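Asks: The following block contains the structure, expressed as structure tokens.
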Amino acid sequence: MRRLLPTFTAALLLSSWLLSSNAQAQAEPSLPYTVQSSDKLIRISREMLTKPGDWNEVARFNKMKDPNFIQPGQRLEIPLRLLKSTPSAAKVISVSGSVQSGGQALAVGAPVPEGTSVQTGADSSAVVQLGDGSQVKLLPNTLAQVVSNRDYALRDASASGSTTWFSGLMRLSQGALETLASKRTNRATPLQIETPTSLVGVRGTRFRVAFDDPASKNARTEVIEGLVRADNTAQQSGADLPAGTGALVKPAEKDIRVVKLLEAPDLSGLPSDVTRPAGNWPLPALAGAAAYRVQVASDAEFNQIVRDLKLDGASAGAPLGTLLVGNWYARVRGIDAQGIEGFDAVKALMVKNPAQWRVSSSSLSLTGGQTVLSLTPVQANGSALSAASYSAEVASDAAMAAIIARPSASEPRLLLGDLKPGVYYVRLRAGNEAPDTDVYRFELPGNWGSTIFDVGFALTKVR
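Just so you know, we're using our numbering here: the sequence shown kicks off at -16 and counts up by one.
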């Protein structure tokens, strides 16, 4: 064994070490270090501790009989509060609607240092990426703060450098967070989400935390993937939540009841169209659901959320008719009687204007290597329609997401371009009216342009 501190320092450290509570110290988060044959205590202290003189704290934490002696192979737990650390980089990676920090609008790429609060408005959302790659999504009407986003450098006994360990903590004051914690192995502490009444810690998982009922001060947690620990900070109690479960943490109740999440609802029977401006989208039937959460986003990952609705089971549907014309994604989950929200189901939606006109007949022809669409437009009541201009969007998919051409003309005869044999979809516009609410399908045969140059009755309404 090695004597590594002067005698006068040893007396001071030993007395300080004996005065503190071992049980209290052991409750602190710490990182492990195994003493090597070449180690000297003074070197360990200088390289890893914020204050080298805090070695007495390390000795007390490890219940060392003599804080001045270490030996090879000895395992030491070093409290995080004593270790050197540096702030890790956090930034905003997605913004939709009104997202602010300190009264200033946040944009994608904006840094989010420790102590920064981020607030989303109604029908707005944001995603903050922490230093370990974890992504925290702030849903509409949410206020959250990055409390800790920090790297701890622990000297690597097997190499000349050091190993970096990450610790992250978000504080949720209002609203709801969806978190995808990275599966990083070197975690100084689990990634934690703190509300005024609960603390949730995770290691590599997908989960939701909400504090959206300020009157009751209840907090809820729902685990989609992995394992979560939910603690009731008021009652000093807790529970483990495996994947597919949720719990309501009530500050007035010690017990935390873990329940199974509701299954994802079946959306296959629901319409894929919503017509402006009334546009109620019906809710699915789901056993055990007392209410529903309906969210709409412009992207399939739901980083750009524009609607966040909580509807009771008796509701006539989700009012989505105020959305802009175009393609959207809707996700729906059931809410049980406790208020715990279940698994999501997702469906692509198209928001359309009421029909202004339609196509009564149509044909395709090939002119100079270009496919030409000729059509006869009529009004919704069947009478002839005459417009100053006509235009179209041509796509390779029925959702009209992969647009390949946008032709226009002063007559109902549109040059679609050099199209190859295959199936296509088209949405039409007459004059300054909104795009026709119908999407039409047409097919160019395999011998198009070689033996076939014309197709009659070309367009078939898809929706």
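Positions of the beta carbon are idealized from the N, C-alpha and C atoms, including for glycine. Note that the coordinates shown come from a computational prediction; the quantities given were computed from them, not determined experimentally.
With a cut-off of 8 Å, do at least 3 Cβ pairs link the region 165 to 184 to the region 42 to 52?
Replies: Verdict: no, contact absent.
Asks: What is the DSSP secondary structure of residue 45, counted as helix, strand or coil?
Replies: It is coil, neither helix nor strand.
Asks: In its own chain, which residues sit with a C-beta less than 8 Å from the C-beta of residue 212, not counting the 5 before and 5 after it?
Replies: Excluding positions up to five away in sequence, the list reads 173, 183, 184, 185, 221, 222, 223 and 224.
Asks: State the DSSP-derived secondary structure class of residue 151, mapped to helix, strand or coil.
Replies: Here residue 151 sits in strand by DSSP.
Asks: If you draw a straight line from the alpha carbon of residue 289 to that of residue 82, how long is it in whole angstroms?
Replies: Going by the C-alpha atoms only, they are around 12 Å apart.
Asks: Exposed or buried, what is residue 319 when buried is set at 16 or more other beta-carbons lying within 10 Å of its beta-carbon?
Replies: Per the 10 Å Cβ criterion, buried.
Asks: Could you tell me which residues DSSP puts in a beta bridge with residue 348?
Replies: According to DSSP, residue 348 bridges with 355 and 437.
Asks: In this structure, what does DSSP give as the bridge partners for residue 175?
Replies: DSSP lists 152 and 184 as partners of residue 175.
Asks: In the DSSP assignment, the beta strand (DSSP E) including residue 298 goes from what residue to what residue?
Replies: Where residue 298 is concerned, there is no enclosing beta strand (DSSP E), given that its DSSP letter is neither H nor E.
Asks: Name the DSSP bridge partner or partners of residue 293?
Replies: DSSP lists 276 as partners of residue 293.
Asks: In this structure, what does DSSP give as the bridge partners for residue 256?
Replies: Beta-bridge pairing links residue 256 to 333.
Asks: Over what stretch of residues does the beta strand (DSSP E) that includes residue 25 continue unbroken?
Replies: Taken as a continuous stretch (DSSP letters only), residue 25 belongs to no beta strand (DSSP E), being part of the alpha helix (DSSP H) at 24 to 31.
Asks: Consult DSSP for residue 428 and reduce its assignment to one of helix, strand or coil.
Replies: Reduced to three states, the DSSP call for residue 428 is coil.
Asks: Near residue -16, which residues of its chain fall below 6 Å by C-beta distance, leaving aside the five closest residues on each side in sequence?
Replies: Note that residue -16 scores a pLDDT of 38, beneath 50, so its modelled location is shaky and nothing firm can be said.
Asks: Three Cβ pairs or more, each shorter than 8 Å: is that satisfied between the region 423 to 443 and the region 389 to 396?
Replies: Counting Cβ pairs under 8 Å, fewer than three are found: no touch.
Asks: When you compare only the Cα positions, how much space is there between residue 328 and residue 30?
Replies: Roughly 51 Å separates the two Cα atoms.
Asks: Mind checking residue 444: buried by the 16 CB within 10 Å criterion, or exposed?
Replies: Answer is exposed; the Cβ neighbour count stays below 16.
Asks: Using alpha carbons as the reference points, say which of 71, 356 and 26 lies closest to residue 441.
Replies: Minimum Cα distance to residue 441 is reached at 356.
Asks: Which residues share a DSSP beta bridge with residue 288?
Replies: DSSP lists 280 as partners of residue 288.
Asks: Assign residue 359 to buried or exposed, taking buried as 16 or more other Cβ atoms, counted over all protein chains shown, within 10 Å of its Cβ.
Replies: So residue 359 ends up on the exposed side.
Asks: My output table needs one value for residue 399: the three-state DSSP class, helix, strand or coil.
Replies: Residue 399: strand per DSSP, three-state reduction.
Asks: Residue 77 and residue 286 - do their beta-carbons sit closer together than 8 Å?
Replies: Going by C-beta atoms, residue 286 is nearer than 8 Å to residue 77.
Asks: Quick test of your reading: residue 164 and residue 181, contact by CB under 8 Å. State the CB separation rounded to the nearest angstrom.
Replies: Incorrect: roughly 17 Å between the Cβ atoms, too far for contact.
Asks: So the beta strand (DSSP E) residue 232 belongs to, where does it begin and stop?
Replies: 228 to 232 is the span of the beta strand (DSSP E), which, as asked, contains residue 232.
Asks: Is it the case that the Cβ atoms of residue 160 and residue 200 are separated by a distance below 8 Å?
Replies: The answer is no: Cβ separation not under 8 Å.
Asks: Please identify the residue among 113, 156, 70 and 346 whose C-alpha is closest to the C-alpha of residue 103.
Replies: Answer by Cα proximity: 156.
Asks: In the DSSP output, which residue or residues are listed as bridge partners for residue 478?
Replies: Residue 478 lies beyond the residue range present for the chain, which begins at -16 and ends at 446; the question has no answer from this structure.
Asks: Measure the C-alpha to C-alpha separation of residue 90 and residue 42 and round it to an integer number of angstroms.
Replies: Approximately 47 Å between the Cα atoms of the pair.
Asks: Buried or exposed, going by whether 16 or more other CB atoms sit within 10 Å of the CB of residue 95?
Replies: Buried.
Asks: Leaving out five residues on either side along the sequence, give the residues of the same chain with a beta carbon under 8 Å from the beta carbon of residue 130.
Replies: Hits under 8 Å: 97, 98, 152, 153, 154 and 177.
Asks: DSSP on residue 40, reduced to helix/strand/coil?
Replies: In this structure, residue 40 counts as helix in the three-state DSSP scheme.
Asks: Which residue's Cα is closest to the Cα of residue 270: 281, 244 and 291?
Replies: Taking only the C-alpha atoms, the option nearest residue 270 is 244.
Asks: When you compare the CB positions of residue 124 and residue 109, do they come within less than 8 Å of one another, or not?
Replies: It is not a contact, given that the beta carbons lie outside the stated cut-off.
Asks: Let me know if residue 248 comes out buried or exposed under the rule of 16 or more other beta-carbons within 10 Å of its beta-carbon.
Replies: Residue 248 is buried by the Cβ-count criterion.
Asks: For residue 244, which three-state DSSP category applies?
Replies: Note: residue 244 maps to coil in three-state DSSP.
Asks: Measure the C-alpha to C-alpha separation of residue 279 and residue 423 and round it to an integer number of angstroms.
Replies: Distance between the alpha carbons of residue 279 and residue 423: 25 Å.
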